[in-house]
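J.: So that we are looking at the same thing, I have put the structure below in structure tokens.
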């Protein structure tokens, strides 16, 4: 589950506070929806056939090591080199981010406020996923190296335990003059970190085999989880990596929202602040997926 629901909601929520006053009123009014809809893309994976590849790109299918110097950034060039079927098989997150950004710009131009909310939430989700090292490798859950479960450890368990102590101050969002290059730089940074994510967990497993897991109560059930001792040791070994990636994700989400708004001609969003947009029935239906 990319980033875990907790982290996705936090990233979208805090990103709203990076926006300028001209946007903040609208986003603040609808912050609950933007936060709750942040997990909509994950919920669609069970209902929409083409959803899954929008969340990742297995760069190690194309590149052995960073830097990324053979993969075309432009979609048409990548299709010509590898075929669309291959790209869809190994993930399209940077290109899908650009597509959703274009949809958001169009919704802002048309002042379609319901779409602005939903697309802002979706865009935040995909951008957050692009900041995750394990979203750039075929070994996304350690299944190729006998590290099953590392996906949830890095993206869910660590943020849920430690995120309340993170410093998420990013400053204000800025306009992105080259958003495609920017998001490719993001996935390149994630790709460069993937080996450390895997190696550190492997080393700690050898050192702490008997204390790696524990049991915790979740509601009425008892579940097996990575122990707090192991999670703390892994978190320390990563040297604030999860905090840095979450913080960058927050800033980047705000920047993409702001860039979409500027590219739309900076439409007035403020006059809707006194209007209530009721999306709760749609949230309720998503919860049933």
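In our numbering, the protein residues as written are 98 to 386. Glycine included, every Cβ here is placed at the ideal spot set by N, Cα and C.
Where residue 295 and residue 247 are concerned, what is the direct C-alpha to C-alpha distance, given to the nearest angstrom?
T.: Whole-angstrom Cα-Cα distance: 8 Å.
J.: Helix, strand or coil, according to DSSP, for residue 319 in the structure here?
T.: Strand at residue 319.
J.: By the three-class DSSP mapping on this structure, what secondary structure does residue 210 have?
T.: Looking at residue 210 - three-state DSSP - the assignment turns out to be helix.
J.: Can you list, in chain order, the residues of its chain with a C-beta nearer than 8 Å to that of residue 113? Leave out the 5 residues immediately preceding and following it.
T.: Correct list, in chain order: 121, 124, 125, 128, 131 and 351.
J.: Can you tell me whether residue 109 is buried or exposed? The criterion is at least 16 other CB atoms within 10 Å of its CB, across all chains shown.
T.: Buried: at least 16 other Cβ atoms inside 10 Å.
J.: For residue 310, which of helix, strand or coil comes out of DSSP?
T.: Looking at residue 310 - three-state DSSP - the assignment turns out to be strand.
J.: Is DSSP giving residue 143 helix, strand or coil here?
T.: Of the three classes helix, strand and coil, the one that applies to residue 143 here is coil, per DSSP.
J.: Which residue comes first and which comes last in the alpha helix (DSSP H) that contains residue 352?
T.: Taken as a continuous stretch (DSSP letters only), the alpha helix (DSSP H) holding residue 352 covers 338-360.
J.: Can you tell me where the alpha helix (DSSP H) with residue 256 in it begins and where it stops?
T.: First-last of the alpha helix (DSSP H) with residue 256: 255-259.
J.: On the CB-based measure, 16 or more other CB atoms within 10 Å of its CB, does residue 346 come out buried or exposed?
T.: Looking at its Cβ environment, which holds 16 or more other Cβ atoms inside 10 Å, residue 346 is buried.
J.: Using beta-carbon positions only, say whether residue 198 and residue 220 come within less than 8 Å of one another.
T.: Contact flag set, yes.
J.: What's the call for residue 136, buried or exposed, on a 16-neighbour Cβ count within 10 Å?
T.: So residue 136 ends up on the buried side.
J.: Within the same chain, show all residues whose beta-carbon is closer than 7 Å to that of residue 323, passing over the 5 residues directly before and after it, in chain order.
T.: Once the five neighbours on either side are set aside, the close Cβ partners of residue 323 are 250, 254, 309 and 310.
J.: Shortest alpha-carbon distance to residue 106 belongs to which of 224, 361, 314 and 297?
T.: Measuring from the Cα of residue 106, the nearest candidate turns out to be 224.
J.: Rounded to whole angstroms, what's the CA-CA distance from residue 265 to residue 335? Just pull it up for me.
T.: Distance between the alpha carbons of residue 265 and residue 335 is about 17 Å.
J.: If contact is defined by three or more beta carbon pairs under 8 Å, each pair taking one atom from either stretch, is the region 265-280 in contact with the region 152-159?
T.: Judged by Cβ distances under 8 Å, the region 152-159 makes no contact with the region 265-280, as fewer than three pairs qualify.
J.: Is residue 191 near residue 178, with beta carbons less than 8 Å apart?
T.: Taking 8 Å as the Cβ cut-off, residue 191 and residue 178 do not qualify as a contacting pair.
J.: Roughly how many angstroms separate the alpha carbons of residue 227 and residue 182, rounded to a whole number?
T.: For residue 227 and residue 182, the distance between alpha carbons rounds to 21 Å.
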